[in-house]
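Per full-length UniProt numbering, the very first residue in the sequence shown carries number 1; after that it's consecutive.
Ideal placement from N, C-alpha and C gives every residue a C-beta, glycine not left out.
All of these numbers come straight from a predicted model, not from anything done at the bench.
This report concerns only the one structure given below.
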Amino acid sequence: MKFKLVYSSLIVFALLLISMGVRSKDHPCLLLTKNGVQDIRKGIEGKSLFNKTLTKTKLEMDAVLAQPVVVPMPKDAGGGYTHERHKKNYEEMQQMGILYQLYQDDKYAAFVKNMLMEYAKMYPALPLHPVQMSNYRGKLFWQGLNECVWLVHVSQAYDCIYDYLSPKDREYLEKNLFYPMVKFFSEDNKATFNKIHNHGTWAVAAVGMIGYVMNDNDLVEKSLYGLSKDGKGGFMRQLDELFSPDGYFTEGPYYQRYSMQPFIVYAQAIQNNDPQRKIFEHRDHILEKAVGTLLQMADSNGAFFLLNDALYKTWRNTELVYGTDIIYNITKDKTLLSIAADQNRVILTEAGLAVANDLLKGEAKPFQQKTILIRDGADGSQGGLGVLRMEDGDNQTCVLMKATSQGMGHGHFDKLTISLYDNGNEILKDYGAARYVNIEAKNGGHYLPENDAWAKQTIAHNTLTVNETSHYDGKLKVAEKYAPTITGFVDKENYKEVSATEENAYEGVKMERNLIMVKPEGAKNPLIVDVFKVKSMTEHQYDLSYYFAGQLMSTDYEYDAFTTSREPLGTKEGYQYLWKEALGKSKKSSASMTFLNDSRFYTITTSTNPETSLFLNRIGANDPSFNLRNEPSFMLRDRSKDRTFLTIIEPHGNFNADAEKTSSSASYIKDIRFTDVDKTQIEIQKINGDIIKVDTRNKTCVIKKQQ
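Here it is in structure tokens:
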């Protein structure tokens, strides 16, 4: 009778735990699973990319085991010793945890345990980080964001050694490290935790993942639906609001790349623990679209477009290794295997094993970069990014127009800006961010003051600046209310176009840009046709810039070069950072300049009138700390009410430095003009007399041969 009573009590207690969201759990349970580990162990030897990655990781971590565990008191900003040491610590713990699972060697688990114990001793008494460069300060790091990244990685390590630890050890770690850290992320920094932003993404992923490991369903629910669990914050709302229906992340490709890791790894953890949520099916497979769209926002070398606050990153970065492998394991899209092969590594999970095995079977298909219109905004109504492409690989010519929403605090005031990639190089440049990440000498690795004062300003981009004033007066809150309107998109074999309008950047000024890529019959390279129309009831100063990468070769107009003294182009809104190096005017109805980039020549030919001023500028004025790159620009200036800028960008010729041979170094364009009052018919007259006719109304490009 007594046994029955005790047994009944245990059943009631178990049911109570289940009703409270507490249930027994197998470990590992995040990216690795118990069954998955068994499958991996069976094939731990071999010649696949998985085994290559695993062998490299084991060699590196075995060398780490020979060193003492170091957990320093936080002191330095990004790039400094303590910052980098804590970063290495979370990376090493994550990798050691994986090795423990796969090799069942206690030395790896012991390393993680010992390091976690050191953190648990330190963390309860830690004040905020001494470096005060962020409104979101951490304790281990100068920025709370980095602390969330730490926990996303360390939660995986803890998961992997969970069963190795005694209950007493787990209690100590959770009481002194993990729960205090969760409280710091969520309750102490509630605004960031609930924020629809990449900082919020890392925070909710960290809390949710450690919640799964500690079997704390309350933390999981808070991570999914916000601190109050009302759906006003959390992971699910971030999925709904940060991505457009096409998978475009509102902050741009650089931060889309950065955010993919917490989105993808947390989604995998959710899938492994709560498959009934069908997280990868949410919003019509939005995470799958996000990875595919991000891969499309790269040049032929895999480098992501430098839009908004952005620095050089490629699809070979860790975030995209996670994205590629995990999404492939769901979709079995064989084109992702070619990306994985280029990455030359996989994640050490079931997803990475699936990728490696299928690569070994030769199942990879080429990933096709394509001409694409990518909508912005949660409902797809906030403009978008138009990407036009011709040819493949290093021969690819790619031009894009950014007509997106502002992109929150990391956005730039650059409506209708364009960038050009060709011959494996960036040709018309977007400055990106003014920042040297993790270089302590440059503002502690943080964004430089010039990021706001220069890089975000309109004049820093390949678009139109009116009256030396940035779009929306450079005011973020105003800019976030508006977005351009995509008015056209065409994808034909030899004619591609994206068109957009912007009517709110300047009061009483309407801007419209048609960006066209054509390949006339017999042409070796595509031509870029850029039509920028601006209309107003009153007169304004219009400045249209083209930032080019290369060395100026020649111009067909005369100019005065300021070789003994220079002055800034202006005094505010980015103009103060530009040296005015030369100024000229054309005596014809057009003007051109030619520059050399790598082995190819490029000529920009633009329509002019007698009043058009032609500037050659260079970044670097008023920069005593030499924080800015000294890059050149070609700028057109007119004063009028209405103005239509017609510009042709022409790749041509070849320069072989080794053989000292040059071919077709001069432009083949003699003149350009509109032939109708609506300015939809364009004629490009070649030196040989042939005429290329571009019809923007009927979307055609034909060539009329000289008889």
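Which listed residue (the options) has its alpha carbon closest to that of residue i
| i | options | result |
| --- | --- | --- |
| F280 | S565, K88 and D240 | D240 |
| T318 | P366, Q256 and Q276 | Q256 |
| S554 | M390, S592, N176 and T485 | S592 |
| Q268 | S300, Y312, N215 and I330 | I330 |
| G79 | T571, S166 and I439 | I439 |
| L616 | R643, Y668 and A561 | A561 |
| M401 | H410, E391 and G386 | G386 |
| D642 | G550, I486, V509 and G488 | V509 |
| A549 | A500, F634 and T485 | F634 |
| T463 | R85, E497 and L428 | L428 |
| residue 708 | Q457, A659 and F674 | In the structure displayed, the chain extends from 1 to 707; residue 708 sits before or after that span and is not available. |
| A341 | R697, L348, G362 and I327 | G362 |
| C398 | P651, T563 and K535 | P651 |
| R41 | E503, D105, T696 and R277 | D105 |
| A110 | M73, V64 and Y81 | V64 |
| F413 | L140, R618, E251 and E118 | E251 |
| K313 | I327, Y542, E91 and P253 | P253 |
| G409 | N198, L32 and F304 | N198 |
| L177 | I196, V207, N189 and N194 | V207 |
| K195 | E350, L242 and M214 | L242 |
Counterpart residues of residue i in DSSP-defined beta bridges
| i | result |
| --- | --- |
| H540 | S640 |
| residue 715 | Residue coverage of the chain in this structure runs from 1 to 707, which leaves residue 715 outside it and unanswerable. |
| E558 | K585 |
| Y546 | F634 |
| F655 | T662 |
| E512 | T501 and K533 |
| N597 | R600 |
| K496 | D491 and M517 |
| K693 | E683 and V702 |
| M591 | Before going further, note that residue 591 is Ala rather than Met in the sequence given. Partner(s): T606. |
| V399 | L388 and L420 |
Residue i burial status per 10 Å Cβ neighbour count (16 or more: buried)
| i | result |
| --- | --- |
| D218 | exposed |
| K4 | Summary for K4: the model assigns pLDDT 46, below 50, so the residue's position carries little reliability, and this model does not support an answer. |
| I687 | exposed |
| G43 | exposed |
| E539 | exposed |
| L59 | exposed |
| A403 | buried |
| S166 | exposed |
| Y547 | buried |
| R237 | buried |
| A125 | exposed |
| A66 | exposed |
| L102 | buried |
| A659 | exposed |
| V677 | exposed |
| L311 | exposed |
| Q276 | exposed |
| P74 | buried |
Nonlocal neighbours in the same chain, by C-beta distance under 7 Å from residue i, ignoring five residues either side
| i | result |
| --- | --- |
| E45 | N51 |
| V518 | N494, Y495, P526, L527, V529, V694 and C701 |
| E581 | A561, F562, R566, L616, N617 and R618 |
| E118 | V69 and V71 |
Own chain partners of residue i with C-beta closer than 6 Å, once the 5 adjacent residues on each side are dropped
| i | result |
| --- | --- |
| K704 | I691 |
| R566 | W579 |
| S665 | F601 and G653 |
| G584 | Y557, E558, Y559 and L614 |
| L116 | L173 |
| K533 | E512 and T644 |
| G21 | Because G21 sits at a pLDDT of 43, beneath the cut-off of 50, its placement in the model cannot be relied upon, and the point is left open. |
| V346 | L49, F50, T53, D325, G352, V355 and A356 |
| Q343 | R316 and V321 |
| L306 | D430 and G432 |
Own chain residues within Cβ distance below 8 Å of residue i, not counting five before or after
| i | result |
| --- | --- |
| D530 | I418, R513, N514, L515, I516, F645, L646, T647, I648 and I649 |
| T662 | G653, N654, F655 and N656 |
| L448 | A434, R435, Y436, K442 and N627 |
| K492 | K699 |
| S338 | A364, K365, P366 and F367 |
Check: residue i C-beta below 6 Å from any heavy atom of the ligand PLP
| i | result |
| --- | --- |
| V346 | Questions concerning the ligand PLP fall outside what the structure shown contains, since it holds no ligand whatsoever. |
Mind the definition here: the stretch 476-487 touches the stretch 599-616 only if three or more C-beta pairs lie below 8 Å; say whether that holds.
-> no
Should the stretch 156-169 be called in touch with the stretch 87-107, which here means at least 3 C-beta pairs below 8 Å?
-> yes
The stretch 291-298 touching the stretch 213-230, judged by at least three CB pairs closer than 8 Å = no
Could you tell me whether the stretch 350-360 touches the stretch 372-384, using the rule of 3 or more Cβ pairs below 8 Å?
-> no
Indicate whether the contact test is met: 3 or more Cβ pairs, each with one atom in the stretch 439-450 and one in the stretch 283-293, closer than 8 Å.
-> no
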